[in-house]
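Position 156 of the sequence shown, counted from 1, bears residue number 404 in this note's numbering, the numbering being contiguous throughout.
Note that beta-carbon positions come from the ideal geometry of N, C-alpha and C, so glycine has one too.
Structure, as C-alpha cells:
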Amino acid sequence: MDPAPPAMRLASTGTILHGVSVGEVLGVSTLADARLIAGKSGLDRIVQRLNVMEVPDILAWVKPHELLLTTGYPLRNTPQSLDRLVADLDERGLAALAIKLGRYLDELPGEMVEQADRLGFPLILLPNDVGFDDILNQVLTDILNRHAAILARTEEAHRALVQIVLAGGGMREVTAEVAGLLHAAVAAVDASGRLLATAGDAEQVTMLREAHGAGAGTPTPTVEPVTGADGHYVAVPVVAGGHHHGRIAAFSAAGTLTPSDIGILERAATVVALVITRQEAITAVESKYRADFLRDVLTGRGGTRVAERAQAFGWNLERPVSVLVAEIDPDADERSAQDRMLAAWQAAVRKYDPRGAVAGFSHEVVAIVGADVDAPRLARDALAAITDGTFSTGLSRVSGGADSLPAAYGQALKAARVGRQLHGSGAVAHFDELGVYRLLSLVNDTDELHAFVRETLGSLAGDDDVENADLRRTLQVLLDTNLNVAETARRLHFHYNTLRYRIGKLERLLGNFTEDAHLRLNLTLALHVLRMRGI
Numbered sequence: 249m250d251p252a253p254p255a256m257r258l259a260s261t262g263t264i265l266h267g268v269s270v271g272e273v274l275g276v277s278t279l280a281d282a283r284l285i286a287g288k289s290g291l292d293r294i295v296q297r298l299n300v301m302e303v304p305d306i307l308a309w310v311k312p313h314e315l316l317l318t319t320g321y322p323l324r325n326t327p328q329s330l331d332r333l334v335a336d337l338d339e340r341g342l343a344a345l346a347i348k349l350g351r352y353l354d355e356l357p358g359e360m361v362e363q364a365d366r367l368g369f370p371l372i373l374l375p376n377d378v379g380f381d382d383i384l385n386q387v388l389t390d391i392l393n394r395h396a397a398i399l400a401r402t403e404e405a406h407r408a409l410v411q412i413v414l415a416g417g418g419m420r421e422v423t424a425e426v427a428g429l430l431h432a433a434v435a436a437v438d439a440s441g442r443l444l445a446t447a448g449d450a451e452q453v454t455m456l457r458e459a460h461g462a463g464a465g466t467p468t469p470t471v472e473p474v475t476g477a478d479g480h481y482v483a484v485p486v487v488a489g490g491h492h493h494g495r496i497a498a499f500s501a502a503g504t505l506t507p508s509d510i511g512i513l514e515r516a517a518t519v520v521a522l523v524i525t526r527q528e529a530i531t532a533v534e535s536k537y538r539a540d541f542l543r544d545v546l547t548g549r550g551g552t553r554v555a556e557r558a559q560a561f562g563w564n565l566e567r568p569v570s571v572l573v574a575e576i577d578p579d580a581d582e583r584s585a586q587d588r589m590l591a592a593w594q595a596a597v598r599k600y601d602p603r604g605a606v607a608g609f610s611h612e613v614v615a616i617v618g619a620d621v622d623a624p625r626l627a628r629d630a631l632a633a634i635t636d637g638t639f640s641t642g643l644s645r646v647s648g649g650a651d652s653l654p655a656a657y658g659q660a661l662k663a664a665r666v667g668r669q670l671h672g673s674g675a676v677a678h679f680d681e682l683g684v685y686r687l688l689s690l691v692n693d694t695d696e697l698h699a700f701v702r703e704t705l706g707s708l709a710g711d712d713d714v715e716n717a718d719l720r721r722t723l724q725v726l727l728d729t730n731l732n733v734a735e736t737a738r739r740l741h742f743h744y745n746t747l748r749y750r751i752g753k754l755e756r757l758l759g760n761f762t763e764d765a766h767l768r769l770n771l772t773l774a775l776h777v778l779r780m781r782g783i
C-alpha cells in the first residue's frame with residue numbers, strides 16, 4: 249500500500265517569515281562561546297526579534313519568533329517552576345531562551361532541560377563576558393540583512409513578472425518565469441482545481457501534479473499560503489476583485505521552499521490575478537459583441553453575410569441547426585444565476601458542438617447547435633452543472649439557415665415558457681411536444697382562461713374539496729382513453745361498478761359528456777389549462 253500523502257497545512261502566519269534560524273543565530277561571533285544545552289531538534293525555529301527578560305511578568309509581553317535573553321534574575325526565587333516556563337514560552341511560539349548562569353542561577357533544573365528536549369525548545373547557555381547589547385546588535389543586523397535580501401529578491405521577481413504581463417504575456421509565460429526563479433516546478437490552478445499552465449523540469453512537474461492531486465486539488469477559502477508538511481510543496485491563493493480564482497503552486501524536489509520562495513509565489517499570485525482580471529475584461533467585451541450579434545441574428549436584424557460574420561466567432565450557421573433557449577426560473581438569484589448559467593452552457597456547447605453558438609442575454613442564454621446534436625442531453629448537462637438555481641429550457645424545430653433563425657428562436661422561447669408552466673422549474677421542452685398548449689399560451693387574458701375553466705368544470709375547478717382532484721383525475725383518464733370504461737378502470741385500479749358510479753356523478757356535475765363530443769373538447773381544454781402553472 250502506498251504511504252499516505254503528506255498533510256497540507258497553512259503557513260504559520262500567512263506572511264513571509266523574515267528572520268534567521270536559531271542555528272544561524274548561534275553562528276554569530278558574539279555567541280561563539282555559547283552552548284546549546286537542550287532542544288537541539290528546534291534549531292530550525294525562526295528568530296524575528298529579540299527580547300530581554302528581567303521582570304517577573306515577562307510572559308505577558310513576549311511575542312512569537314522571539315529569542316528571549318535573561319540573566320535569570322526573575323527566576324531566582326522560583327527554580328522549581330522553570331520547566332513550566334519552558335512550556336509557556338513554547339506555547340507562545342517563542343524561538344529559544346538564552347540564559348546567563350552564575351549571577352542569579354547556578355544551574356538549570358533537570359526537569360527544565362528535559363522539558364526543553366521533549367518540546368524541541370532550544371535552551372542556550374550564554375557566556376558571562378558577552379553583553380546583551382552586543383547580541384542584540386549582531387542578531388538584529390543579521391535579521392535585517394536577511395529581510396532586505398528577501399525583499400530585494402522578491403521585488404526583482406515582481407518587476408520581471410509585471411514586465412512579462414506588460415509585454416502581453418499570459419499564464420504560461422508567468423509560470424515559466426517563476427519556475428526559473430525558484431528552480432522548481434510551478435503550476436497555475438483554477439478555482440475548480442484544474443491545472444491551467446505548468447512549467448519546470450518534466451519530472452518535477454509530474455511530482456507537482458501528484459502533490460496537487462494528493463492534497464491541494466480543492467481550493468481553500470483562506471488567503472494564506474498552504475504548504476506541504478515537508479516544505480517541498482507550496483500553494484498561494486490567487487485573489488482578484490475579492491474573489492478566489494485559484495492558486496499558483498510550486499514543488500521543489502531538491503529542497504524545502506524558503507520564505508523567500510513563498511514571497512516570490514505571493515508576488516506571482518498578484519501578477520496572475522492581474523492576468524485573470526485582464527482576461528476577464530477581454531472576455532466581457534467579447535461576450536458583449538457575441539451577444540449583440542446573436543441578438544441581431546435572432547431578431548432578423550443580422551444584415552448580410554451573417555454566416556461569414558459568425559465564423560469570426562467560431563460559429564457555423566451554414567448548416568441545419570436547432571435553437572435552445574434557457575430562461576432563469578423565477579425563484580433563482582438572477583444576477584449570479586445568469587453568470588453561472590452562461591458558464592454552464594458554454595461548457596456544454598463546447599463539449600457537444602465546438603462550432604455551436606452560445607451567448608447570454610439579460611434573462612436568458614441562447615445556444616445554436618447542429619441538428620445532429622442531442623440537444624435535450626446537452627440541456628440536461630448544463631442544468632446539472634448548476635447546484636444552487638434552476639432554469640427552464642426550450643428547444644426549437646430544425647432550422648435550415650440564418651433567415652429562419654428568428655422563427656426558431658421564437659419556438660424555443662415559447663417551449664421554455666410553456667414547459668415551465670407544465671412541468672415546473674428546470675423543465676426541458678421541445679416545441680413540437682407542446683401540442684395544444686402552444687395555442688393556450690397565446691391567450692394573454694388569463695382572466696378569460698380562468699373564467700372558461702370555471703364555466704366548464706364548475707365546482708370541480710377548485711381544490712376546496714379533496715374529492716375534486718380525485719374526480720378530475722378520473723375525468724382526465726376517461727378522456728385520454730376515449731371513454732373506454734374497462735381501460736380507465738384498469739389504469740385507476742377501480743372496480744368496474746365503482747367507475748360507473750363515478751361517471752354518473754361526473755355527468756350530474758358537468759353534463760352528458762359521454763354523448764356530447766363538443767363538451768368533451770371543452771372539458772379536455774379546461775383540464776389542460778389547469779395543468780399550466782402560472783395561468
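* How many angstroms separate the CA atom of Gln386 from the CA atom of Pro370? -> 19 Å
* Asked: Do three or more CB pairs link the segment 413-433 to the segment 293-310 at distances below 8 Å?
  -> no
* **Exposed unless 16 or more other CB atoms sit within 10 angstroms - verdict on Ala529** => exposed
* **Nearest residue (CA-CA) to Asn745, options Met589, Val733 and Thr389** => Val733
* To do: Take the Cβ of Ser440 as the centre, count every other Cβ of all protein chains shown within 10 Å, and call the residue buried at 16 or more, exposed below.
  => exposed
* Asked: First and last residue of the alpha helix (DSSP H) that includes Lys348?
  -> Note, Lys348: premise wrong, no alpha helix (DSSP H); beta strand (DSSP E) at Ala344 to Lys348.
* What residue range is occupied by the uninterrupted alpha helix (DSSP H) comprising Gly786? -> The structure shown does not extend to residue 786, since the chain is modelled only from 249 to 783, so the question has no answer here.
* Asked: DSSP beta-bridge partners for Gly618?
  -> Val569
* To do: Could you work out which residue in Arg567, Gln586 and Ser570 is closest to Ile576 when comparing CA atoms only?
  => Gln586
* Asked: So the beta strand (DSSP E) Pro485 belongs to, where does it begin and stop?
  -> Tyr481 to Ala488
* With 16 other CB atoms within 10 Å as the buried threshold, where does Pro485 fall? -> buried
* To do: Rounded to whole angstroms, what's the CA-CA distance from Thr641 to Val482? Just pull it up for me.
  => 44 Å
* **Residues near Tyr321 in its chain [Cβ-Cβ closer than 8 Å; skip 5 each side]** => Glu302, Arg351 and Tyr352
* Asked: Considering Gly494, what are the terminal residues of the beta strand (DSSP E) in which it resides?
  -> His491 to Phe499
* For Ala447, which option in Asp281, His491 and Ser500 has the closest C-alpha, if you only look at C-alpha atoms? -> Ser500
* Asked: When DSSP labels each residue in this structure, what does Asn730 get in the three-state scheme?
  -> coil
* To do: Using beta-carbon positions only, say whether Tyr657 and Val621 come within less than 8 Å of one another.
  => no
* Buried/exposed call for Ala774, threshold 16 Cβ in 10 Å -> buried
* To do: Count the CB pairs spanning the segment 530-539 and the segment 498-512 that are closer than 8 Å, and state whether there are at least three.
  => no
* Rounded C-beta distance between Ile512 and Ala650? I'm assuming under 8 Å. -> Wrong, their Cβ atoms sit about 52 Å apart, outside the cutoff.
* **Alpha-carbon to alpha-carbon, Leu653 and Met455** => 51 Å
* Consult DSSP for Ala433 and reduce its assignment to one of helix, strand or coil. => strand
* Considering Ala286, what are the terminal residues of the beta strand (DSSP E) in which it resides? -> Arg283 to Ala286
* To do: List the endpoints of the continuous alpha helix (DSSP H) containing Thr454.
  => Ala450 to Ala459
* Asked: What residues in its chain sit with their C-beta under 6 Å from that of Arg283, if we drop five residues either side in the sequence?
  -> Leu373
* To do: Have a look at Ile383 and Arg588 and give me their C-alpha separation to the nearest angstrom.
  => 59 Å
* C-alpha gap between Asp292 and Glu339, whole angstroms -> 17 Å
* Using beta-carbon positions only, say whether Arg567 and Gly618 come within less than 8 Å of one another. => yes
* **Within 8 Å, strictly: CB atoms of Ser644 and Ala660** => yes
* Quick one: is Tyr600 buried, meaning 16 or more other Cβ sit within 10 Å of its Cβ, or exposed? -> buried
* **Closest Cα partner of Ala400 within the set Arg702, Asp509 and Glu612** => Asp509
* Got a sec? Which residues, its chain only, sit under 6 Å from Thr261 by beta carbon, not counting five neighbours each side? -> Interpretation of Thr261 is limited by its pLDDT of 35, a score under 50 that renders its predicted location unreliable; the figure taken from the coordinates is listed afterwards. Hits under 6 Å: none found.
* Looking at the unbroken beta strand (DSSP E) that takes in Leu705, where does it start and where does it end? -> From DSSP, Leu705 is part of no beta strand (DSSP E) but of the alpha helix (DSSP H) over Thr694 to Leu705.
* Asked: Straight-line CA distance for Thr736 to Ala765?
  -> 18 Å
* Asked: Is Ala415 helix, strand or coil when you go by DSSP?
  -> coil
* To do: In the DSSP assignment, find the alpha helix (DSSP H) that holds Gly642 and state where it starts and stops.
  => Unbroken run through Gly642 is the beta strand (DSSP E), Phe639 to Leu643; no alpha helix (DSSP H).
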